[in-house]
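Trainee: Per mature numbering (1 follows the signal peptide of the UniProt record, and there is no 0): the sequence shown = residues -18 to -1, 1 to 584. Could you have a look at this structure, given as structure tokens, before my questions?
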Amino acid sequence: MKKLLTLLFLTSSVFGFAQNLISNVSNRNTTSLNGVWNYIVDPYETGYYSFHHDVYDKQAKPSNAAYFNNYHAVNKQELVEYNFDTSPKINIPGDWNSQVPELKYYEGNVWFKKSFDYDLKEKKRLFVYIGAINYKADVYLNGKKLGTHEGGFTPFNYEVTSIVKPKDNYLVIKVDNTRHKEDVPTLNTDWWNYGGITRDVTLIEESASFVEDYTIQLDKKNQNKISGFVKINNLNPEQNAVTITIPELKIKYKAKVSPDGILKFEIPVKNVSYWSPENPKLYQLGIDFNGEKLEDTIGFRTIETQGDKILLNGKQLFLRGISIHEENAKGGRANSEEDALRLLNWAKELGCNYVRLAHYPHNENIIRMADKLGLMVWEEIPVYWTVEFTRKETYNNAQEQLTAAITRDKNRACIIIWSMANETPISDARNTFIQNLVAHTKSLDNTRLISAALLTQTNDGFGTINDAIGESLDIISFNQYLGWYGGNLEDAEKVLWKTKYNKPVIVSEFGGDAKAGLHGDKKERWTEEYQEYLYIQNLKMIEKIPHLSGLSPWILVDFRSPRRLLPGIQDEYNRKGLISNEGQKKKAFYIMRDWYEKKKKE
Ligand code: GCB
């Protein structure tokens, strides 16, 4: 067994890939490594490359100069040019831009170190789980490389069973948030490139064989059946019995896991109280395996389209939404439950039953909070504007981010839509890229709807939605900015929309900037009155869009963006929020709230 684990570890460290993702971390036996970490800003990657640019972690002989070795001089004569323990401190999780004033604009390399003790009992296994690092992470424990991970908004984990010691472990992570054309996202985004370890770092302790992942959902075609799988990590064929319990539904289902470690199941159910915004019912679930119980709270609902309608639990509904970026009250990356409540309570106040979490997978806390509060969710990956659609590695990167998001969140009833992309320019390569993502999503989860925020054209008083990728999507979503990037607000009502698809339509974005507290004429840009008028006029037009099934105006709260530089007005904030970053509601907030109030009564 130990040999097998060592082999597994060696394989992963040689190739440096993240291992199978462990899901439902918050209900496992964990130790948090959040808190104060030391950091070293390393613009020249001095701790990673020798002076002739050889990579230290590929050299046979460990170098004391490599930062991941966390070396300390043994006498006063020795030359060592770094020291984590006397380096500055930072809070993890947290981006460096909002915590360290000198690093506000920094894009590059920073090393982080956390020391800890851990008493791992015989036969137990230990994993390091990292919620997200933006963008690239090289992770080392006690000088050994665990792997490299790319993608700023998805979790990953590594087994450290054979490396961890009872005392003085040092976890060292090199984080690089340099932007590259071939990455996902690419060079250009309308949000701040917050760098750092932006989500929780957790140690997970497990037995030799354990429940790594599972899915449990109402069957898409039969509401009297729950189906899914349980996946065991390192199955021992002698101990293969799993029991799934949902006491409130009187379910106690026992079965044996097949030798490949997977149990596929279908369980009949009766009298389910379906999850919905009005009734966000979550059931207590238990998965017993080898004398250990993994718990979760899970809601059951169906989501489907029929012609141009969206049906939740068989009933038509309108998505009263709002778009949200993952930003906290201080202008940094959000992560905590408190951050989630701040944003989602505002969405509720606006009258929403739905949120678009743009433009990348948000943290798990906000997803779980939406599940509890009864807010349906659109989850997205950062295939934003342009990426290198013809490049295979770029596709693989996008697909990996999608896989991690689905693996983490597939048991949350709140998630109803997986979004593949935002405002991507039409080309054959882009179509293939998105079609492949759609096929991949369906292979992992066939219970939810698939969409992408598309671009449209408005000509001669007509708006047309004719992007060919619509064929592959369940919902036709598009962003449009009439009265902000073009078009005449007075005439908004006269603009008529046409689409060739008999599918539900969502206006995934519309809006305009206003500086909270700036007042003037409705024709004066940046004033609250302009934004208010823009909402009034856009809503008159939107009401008439054929097949309209929902909206997510852009955006709930003003957010930081390096593209928004107008002094005295934008000051590095995109001001399209209905609420300012300081929490002040703008006039348009009330227009949208009243419209949703009216919509509720229809
Ligand atoms: C868009 C993008 C969004 C931008 C927004 C804007 O179409 O999808 O990320 O922030 O426009 O404010 O221009």
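Beta carbons are placed, not taken as given, at the ideal position from N, Cα and C, and that holds for glycine.
Cβ-heavy atom distance between Gly493 and the ligand GCB below 8 Å?
Mentor: Along the sequence shown, one-based indexing puts residue 493 at 511. A distance criterion of 8 Å places the beta-carbon of Gly493 in contact range of the ligand GCB, judged by its closest non-hydrogen atom.
Trainee: Measuring alpha carbon to alpha carbon, tell me which of Glu564, Phe541, Ser562, Ile561 ends up nearest Glu554.
Mentor: Along the sequence shown, read from residue 1 onward, the residue named residue 554 stands at position 572. Distance from the Cα of Glu554 is smallest, within the candidate group Glu564, Phe541, Ser562, Ile561, for Phe541.
Trainee: Are the segment 369 to 388 and the segment 157 to 171 in contact at 8 Å, needing three or more beta carbon pairs?
Mentor: yes
Trainee: I believe Arg10 touches Ile186 by the beta-carbon criterion, under 8 Å. Please report the beta-carbon distance rounded to the nearest angstrom.
Mentor: Translated into the one-based positions of the sequence shown, residue 10 becomes position 28. Translated into the one-based positions of the sequence shown, residue 186 becomes position 204. So it is a contact: roughly 5 Å between Cβ atoms.
Trainee: To the nearest angstrom, how far is it from the Cα of His54 to the Cα of Gly133?
Mentor: If you number the sequence shown from 1, residue 54 lands on position 72. If you number the sequence shown from 1, residue 133 lands on position 151. Their Cα atoms are separated by approximately 32 Å.
Trainee: Is residue 619 near Ile518, with beta carbons less than 9 Å apart?
Mentor: Given a span of -18 to 584 for the chain in the structure shown, any question on residue 619 remains unanswerable.
Trainee: By DSSP, does Lys96 sit in helix, in strand, or in coil?
Mentor: Start at 1 with the first residue of the sequence shown, and residue 96 comes out as number 114. In this structure, Lys96 counts as strand in the three-state DSSP scheme.
Trainee: Kindly list the residues whose CB is nearer than 6 Å to the CB of Leu530, restricted to its own chain and excluding five residues on each side of it in sequence; keep chain order.
Mentor: One-based indexing of the sequence shown puts residue 530 at position 548. Here the set comprises Val487.
Trainee: If you reduce the DSSP assignment to three classes, tell me which class Asp449 lands in.
Mentor: As a position in the sequence shown, residue 449 is number 467, starting the count at 1. The DSSP-derived three-state label of Asp449 is coil.
Trainee: Expressed to the nearest angstrom, what Euclidean distance is found between the alpha-carbon atoms of Lys86 and Thr429?
Mentor: Position 104 of the sequence shown, counted from the first residue, corresponds to residue 86. Position 447 of the sequence shown, counted from the first residue, corresponds to residue 429. Each residue's Cα considered, the two are about 41 Å apart.
Trainee: What is the rounded straight-line gap between the Cα of Phe300 and the Cα of Cys334?
Mentor: What you label residue 300 is simply residue 318 of the sequence shown in a count that begins at 1. What you label residue 334 is simply residue 352 of the sequence shown in a count that begins at 1. Each residue's alpha carbon lies about 10 Å from the other.
Trainee: Less than 8 Å separating the Cβ of Ala449 from some heavy atom of the ligand GCB?
Mentor: For the purposes of this step, residue 449 is taken as residue 467 along the sequence shown, with counting starting at 1. The amino acid at residue 449 is misidentified as Ala; the sequence shows Asp. Answer for Asp449: no, Cβ out of range of the ligand GCB.
Trainee: In the structure shown, what three-state DSSP assignment does Thr414 receive?
Mentor: One-based indexing of the sequence shown puts residue 414 at position 432. Correct three-state label for Thr414: helix.
Trainee: Alpha carbons only, please: which of Trp93, Lys424, Glu220, Pro83 is nearest the one belonging to Tyr122?
Mentor: In the sequence shown, the residue the question calls residue 122 occupies position 140. Taking only the C-alpha atoms, the option nearest Tyr122 is Trp93.
Trainee: Which one or two residues does DSSP pair with Leu384 in a beta bridge?
Mentor: If you number the sequence shown from 1, residue 384 lands on position 402. Beta-bridge partners of Leu384 (DSSP): none assigned.
Trainee: Excluding the 5 residues preceding and the 5 following residue 587 in the sequence, name in chain order all residues of the same chain whose CB lies nearer than 6 Å to its CB.
Mentor: Absent from the model: residue 587. The displayed extent of the chain is -18 to 584, so no value can be given.
Trainee: Report the option in Pro70, Pro25, Leu3 whose CA atom is closest to the CA atom of Val18.
Mentor: For the purposes of this step, residue 18 is taken as the residue at position 36 of the sequence shown. Residue Pro70 is the option with its Cα nearest to Val18.
Trainee: Based on DSSP bridge pairs, tell me the residues matched to Tyr336.
Mentor: Position 354 of the sequence shown, counting from 1, holds the residue named residue 336. Answer is Met358.
Trainee: Would you check whether the ligand GCB has a heavy atom nearer than 8 Å to the C-beta of Asp172?
Mentor: Here residue 172 refers to the residue found at position 190 of the sequence shown. Yes; taking the cut-off as 8 Å, the Cβ of Asp172 has a heavy atom of the ligand GCB nearer than that.
Trainee: Could you check where the alpha helix (DSSP H) with Ala329 kicks off and where it finishes?
Mentor: Here the question's residue 329 lines up with position 347 in the sequence shown. Ala329 -> alpha helix (DSSP H) spans 319 to 331.
Trainee: Given Leu426, which residues of its chain have a CB within under 7 Å of its CB, disregarding the five upstream and five downstream residues?
Mentor: Start at 1 with the first residue of the sequence shown, and residue 426 comes out as number 444. If we look at Leu426 and ignore the five residues flanking it on each side, its Cβ neighbours are Thr385, Ile388.
Trainee: Can Tyr366 be considered in contact with the ligand HEM, in the sense that its beta carbon sits closer than 8 Å to one or more heavy atoms?
Mentor: Among the ligands modelled here, namely the ligand GCB, the ligand HEM does not occur.
Trainee: Here's the rule I'm using: 16 or more other beta-carbon atoms within 10 Å means buried, otherwise exposed. How should Leu(-12) be labelled?
Mentor: The count along the sequence shown starts at 1 and reaches residue -12 at position 7. Unreliable placement is indicated for Leu(-12), whose pLDDT of 40 sits below 50; no coordinate value is reported for it.
Trainee: Beta-carbon within less than 6 Å of Ala498's beta-carbon, same chain only, minus the 5 sequence neighbours each way: which residues are those?
Mentor: Translated into the one-based positions of the sequence shown, residue 498 becomes position 516. Counting only Cβ-Cβ distances below 6 Å, and skipping sequence neighbours, we find Ser562, Gln566, Lys568.
Trainee: Do residue 669 and Ser490 have their C-beta atoms within less than 9 Å of each other?
Mentor: Only positions -18 to 584 of the chain appear in this structure, which leaves residue 669 out of reach.
Trainee: Taking just the CA atoms, how far does Phe415 sit from Phe571?
Mentor: Working through the sequence shown from its first residue, we reach residue 571 at position 589. Working through the sequence shown from its first residue, we reach residue 415 at position 433. Approximately 37 Å, taken between the alpha carbons.
Trainee: Would the segment 476 to 486 and the segment 352 to 363 be scored as touching if the rule is three or more Cβ pairs under 8 Å?
Mentor: no
Trainee: Leaving out five residues before and five after Asn520 in sequence, what residues of the same chain have Cβ atoms less than 7 Å from its Cβ?
Mentor: If you number the sequence shown from 1, residue 520 lands on position 538. Correct list, in chain order: Leu464, Gly465, Ala474, Phe492.
Trainee: Should residue 617 and Asn16 be called a contact, given that it needs their Cβ atoms to be closer than 9 Å?
Mentor: Examination of residue 617 is not possible in this model, given that the chain is present from -18 through 584 alone.
Trainee: DSSP on Gln1, reduced to helix/strand/coil?
Mentor: Along the sequence shown, read from residue 1 onward, the residue named residue 1 stands at position 19. It is a strand residue.
Trainee: By the three-class DSSP mapping on this structure, what secondary structure does Ile22 have?
Mentor: To locate residue 22, count along the sequence shown from 1; it is residue 40. It is a strand residue.
Trainee: Just list the residues that DSSP pairs Asp120 with in beta bridges.
Mentor: Position 138 of the sequence shown, counted from the first residue, corresponds to residue 120. Answer is Thr130, Lys156.
Trainee: Report, in whole angstroms, the separation of the C-beta atoms of Phe247 and Asn215, which I expect to be a contact under 8 Å.
Mentor: If you number the sequence shown from 1, residue 247 lands on position 265. If you number the sequence shown from 1, residue 215 lands on position 233. Contact doesn't hold; Cβ gap of about 18 Å is too wide.
Trainee: Enumerate in chain order the residues of its own chain whose CB-to-CB distance from Lys582 is below 7 Å, with the five nearest sequence positions on each side excluded.
Mentor: Residue numbering aside, residue 582 sits at position 600 when the sequence shown is read from its first letter. Gly333, listed in sequence order.
Trainee: Could you tell me which whole alpha helix (DSSP H) segments of length 4 or greater appear in the segment 198 to 272?
Mentor: none
Trainee: Would you mind stating whether Thr28 and Ala47 have Cβ atoms separated by less than 9 Å?
Mentor: As a working note, residue 28 is residue 46 in the sequence shown. As a working note, residue 47 is residue 65 in the sequence shown. A contact, by the Cβ cut-off of 9 Å.
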